[in-house]
Amino acid sequence: MRALFACIFFSFLVACSTTKEEINEADIIIYGGTSSAITAAVQAKKMGKSVIVVSPDIHLGGLSSGGLGFTDTGNKAVIGGLAREFYHRVYLHYAQDSAWKWQKREEYGNKGQGTPAIDGENRTMWIFEPHVAERIFEDFVRENQLEVLRDEWLDREKGVVKENGKIVSIQTLSGKKYQGKVFIDATYEGDLMAAAGVSYHVGREANSVYGETWNGVQVGVYQHRHYFMDSISAYRIPGDPSSGLLPEISSKAPGKNGEGDQRLQAYNFRMALSRFPDNRVPFPKPANYDSNRYELLARVYAAGWNETFWKFDPIPNLKTDTNNHGPFSTDYIGKNYDYPEASYERRKEIIREHEDYQKGLMYFLANDSRVPENVRNEIGNYGLAKDEFTDNGNWPHQIYVREARRMIGSYVMTEHDVLGAKVVPQSVGMGSYSLDSHNTQRFVTPGGFVQNEGDIGVHPKQPYSISYGTLVPREEECKNLLVSVCVSSSHTAFGSIRMEPVFMILGQSAAAAASLSIDEKVSVQELGYEKLRKVLIEEKQVLENELIEN
4 MRALFACIFF SFLVACSTTK EEINEADIII YGGTSSAITA AVQAKKMGKS
54 VIVVSPDIHL GGLSSGGLGF TDTGNKAVIG GLAREFYHRV YLHYAQDSAW
104 KWQKREEYGN KGQGTPAIDG ENRTMWIFEP HVAERIFEDF VRENQLEVLR
154 DEWLDREKGV VKENGKIVSI QTLSGKKYQG KVFIDATYEG DLMAAAGVSY
204 HVGREANSVY GETWNGVQVG VYQHRHYFMD SISAYRIPGD PSSGLLPEIS
254 SKAPGKNGEG DQRLQAYNFR MALSRFPDNR VPFPKPANYD SNRYELLARV
304 YAAGWNETFW KFDPIPNLKT DTNNHGPFST DYIGKNYDYP EASYERRKEI
354 IREHEDYQKG LMYFLANDSR VPENVRNEIG NYGLAKDEFT DNGNWPHQIY
404 VREARRMIGS YVMTEHDVLG AKVVPQSVGM GSYSLDSHNT QRFVTPGGFV
454 QNEGDIGVHP KQPYSISYGT LVPREEECKN LLVSVCVSSS HTAFGSIRME
504 PVFMILGQSA AAAASLSIDE KVSVQELGYE KLRKVLIEEK QVLENELIEN
C-alpha cells in the first residue's frame with residue numbers, strides 16, 4: 004500500500020512539474036514575428052522587463068526581411084529610435100567590401116524611394132537585400148538575449164483567457180501557455196486583438212463614418228498608373244458578353260462612390276529577383292499553370308502598354324525588390340477578402356493561390372508568345388535570387404498583407420489627422436507616406452470594358468503625428484493589450500501608417516508604454532502620457548515636426 008501511495012504521489016509530482024513547464028511567464032508577452040514585434044521586444048528588455056516573443060513565423064522581420072527592401076520611407080527624418088538603428092545597421096553592413104558579392108558598390112547607384120539609398124552623412128541605408136534584414140533582426144535577438152518561440156500559433160478559438168478586463172494568458176495550438184502582465188499584438192492580421200474581444204474593422208469604411216473623402220469605393224479615381232488606360236473588352240470573345248468574362252475579373256457591380264464595403268486592397272509577394280547569371284533561378288512553371296488566365300495582360304500589351312519593368316526596383320547585388328505596377332501585375336486583385344477572418348488552413352490556401360498566380364505570371368512573361376519579344380528578352384535576364392529564401396524555393400516566406408483587421412481603439416486616426424486638418428494628441432511616433440491603397444477590385448464597366456478600382460495616393464503636406472490612442476483598445480474591452488500593427492485607424496489613414504519603418508516605431512513605443520504601465524501598476528489606458536513622452540524622447544523617437552532635426 005505504501006509503495007502504491009508513493010507511486011501515485013510521484014506521478015502527481017511529475018504531472019504538476021510537466022504542467023508548470025508548459026507555462027511560460029514574462030512581464031510582457033509579444034505575439035508576432037514582424038519587425039514591429041522585434042523592436043518591441045528590444046525596447047522591453049532595455050527597460051528591464053522580461054519578455055517572450057511568441058512568433059507564428061519561423062523567419063523574423065515580416066515584410067522587412069520578406070522582400071520589401073526598397074523601403075517606403077516617406078520623409079526619413081521622422082524615423083528615429085530602434086527603426087533608425089535598424090537602417091544604420093544596414094548601412095554598416097554595406098560599408099563592408101564583403102557585402103558586395105555580385106556587384107561592385109560603385110556600380111549600384113544610389114536610388115531610393117524618394118530619398119538616396121545610402122545616406123552617408125547620417126550613416127543610414129534604406130535599401131537592402133532580404134537576408135541582410137533578417138540577419139539584423141537575428142542580431143537584435145542575440146544581442147538582447149530575447150526569448151523567441153517560433154512556429155507558435157495562437158489558439159484563436161479558446162486560447163485567450165481574460166479576467167476583470169485583462170488578458171491573463173494566451174495559449175498556442177501546441178499547448179504552450181504564456182502568462183504576462185501586458186500583451187502586445189504585433190501581427191499583420193491582429194489575431195490576438197480579435198481573440199481578446201477588441202473591436203475592429205475589416206474593409207473600407209463609408210466616407211460618412213469619419214467625414215472622409217478618400218475612403219469607400221473610388222470608381223473613376225486614378226492617382227497611379229495602375230488602371231486600364233485603354234478600352235479593353237472584359238469578355239473571352241471581345242465584345243461578346245455571352246462568351247463569359249476573362250479570368251481575374253469580378254462579375255459584381257463595383258458599388259457607389261463613397262460607400263463602405265468589405266473589400267481589401269490587394270496582396271502580393273515582393274519577389275527578390277537577380278540579374279546575375281550565377282545567382283538566378285529560372286522562373287518555375289506552376290503545376291496548375293494556365294496561360295489563359297493572363298489573357299487580359301496579353302490584351303494590355305496588344306494595346307501598346309510598355310511599363311513592365313517600372314517597379315523592378317534595384318537593391319544591392321544586382322537584385323530587385325519587385326512590386327506591382329500597371330493595370331495587370333503581381334497584385335492578385337480581389338482574391339484576399341476573406342483572409343483576415345479566415346482559419347489558418349484557409350489562409351494557407353489563399354497564400355498558395357497568390358503564389359501560383361504570381362509564379363504563373365512570371366512564367367507567362369518569360370515564355371508566352373503573346374508577350375512582346377523585347378519584354379521576354381528582358382525578363383530572360385532575371386530569375387529568382389538563388390541566395391534568398393533558400394529554405395522556401397527562393398520564394399518570399401511572407402505574403403504582403405497590406406491591410407487586414409484594424410482596431411477601433413481609444414483614438415481612431417483618419418485622413419484628417421494624416422493630412423494635417425487636426426492636431427493629433429499624445430504622439431508616439433510619426434508617419435509621412437502618402438495615403439496609399441492598392442486596387443481592391445477589377446470589374447466590368449457599363450460599356451463592357453475592364454477596369455480596376457481602389458487605388459489612391461494622396462500626399463500629406465508634411466509629416467504627421469500618430470496618437471498613443473491608436474495603440475490601445477477601449478478600456479472596457481481590454482486593459483493590458485497594445486496593438487502595434489493593426490492600429491486604430493480608418494482605411495485611408497492606415498494606407499499611410501502601414502509602412503515598415505512606422506511599424507518598427509510603433510512597436511518600440513508600444514513596449515515603452517507596456518513597461519511603464521507595469522511600473523505604475525495602471526492600465527495601458529490610464530498611463531500618464533508625459534512619462535511615456537519623456538521615455539520616447541530619450542529613446543530618440545521623433546514625435547512632432549518641431550523635433551525633426553534632419
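Reading the sequence shown from the start, the letters are residues 4 to 553 in this note's numbering.
We put the beta carbon where it would ideally sit given N, CA and C, even for glycine.
Predicted model, so just to flag it, every value in this text is computed and none were measured.
Just so you know, the alpha carbons of residue 474 and residue 490 end up roughly 6 Å apart. Short of 6 Å from the beta carbon of residue 481, and not among the five residues preceding or following it, lie these beta carbons of its own chain, in chain order: 199 and 201. Secondary structure of residue 134 (DSSP, three-state): helix. The Cβ atoms of residue 208 and residue 404 lie no closer than 9 Å to each other. Residue 240 sits in a strand when the DSSP states are folded into three classes. Going by DSSP, residue 470 is part of the beta strand (DSSP E) stretching over 467-470. In the three-state DSSP reduction, residue 212 falls in the helix class (H, G or I).
Counting only residues of its own chain and dropping the five nearest sequence neighbours on each side, residue 513 has a CB closer than 7 Å to the CB of 43, 187, 474, 485 and 487. A distance of 9 Å or more separates the beta carbons of residue 54 and residue 35.
Linking residue 140 to residue 308 through their CA atoms gives a straight-line distance of about 40 Å. Under the three-state reduction of DSSP output, residue 473 falls in the helix class. Under a 10 Å Cβ-count criterion, residue 347 is classified as exposed, with fewer than 16 other Cβ atoms of the shown protein chains found around its own Cβ. As computed with DSSP, residue 388 is found in a beta bridge with 283. If you draw a straight line from the Cα of residue 33 to the Cα of residue 525, it is about 19 Å long. DSSP places residue 277 inside the beta strand (DSSP E), whose first and last residues are 274-277. Ranked by how close their Cα comes to the Cα of residue 78, the residues 72, 116, 103 and 196 have 116 in first place. Taking the CA atoms as reference points, residue 329 sits about 21 Å from residue 450. Exposed is the label assigned to residue 426, since fewer than 16 other Cβ atoms lie within 10 Å of its Cβ. By the CB criterion at 9 Å, residue 262 and residue 214 fall outside the cutoff. Between the region 273-281 and the region 70-77, the count of Cβ pairs shorter than 8 Å is three or higher; the stretches touch.
Within the region 342-389, the runs of beta strand (DSSP E) that reach at least 3 residues and sit entirely inside it are, in chain order, 386-388. In this structure, residue 544 lies away from residue 206, with their beta-carbon atoms at least 9 Å apart.
Ranking 253, 238 and 281 by CA distance to the CA of residue 246 puts 238 first.
For the set 434, 356 and 458, the Cα lying nearest the Cα of residue 291 is the one of 356. Looking at the backbone, the Cα of residue 455 and that of residue 442 are separated by about 6 Å. Taken through DSSP and simplified to helix, strand or coil, residue 188 comes out as strand.
Excluding its 5 nearest sequence neighbours in each direction, residue 363 has C-beta neighbours in its own chain below 6 Å: 289 and 292, listed in chain order.
Using a Cβ distance threshold of 9 Å, residue 343 and residue 408 count as a contacting pair.
At a Cβ-Cβ threshold of 9 Å, residue 538 and residue 550 do not count as neighbours.
A distance below 7 Å between beta-carbons, with the five flanking residues on each side excluded, links residue 360 to the following residues of its chain, in chain order: 335.
A distance below 6 Å between beta-carbons, with the five flanking residues on each side excluded, links residue 502 to the following residues of its chain, in chain order: 75 and 436.
In this structure, DSSP gives residue 434 an extended state, which the three-state scheme calls strand.
C-alpha of residue 499 to C-alpha of residue 128: approximately 21 Å in a straight line. A direct Cα-Cα distance of roughly 10 Å separates residue 173 from residue 26. Distances from the alpha-carbon of residue 255 to those of 337, 391 and 378 put 337 closest. Remark: C-beta atoms of residue 434 and residue 189 do not approach each other more closely than 9 Å.
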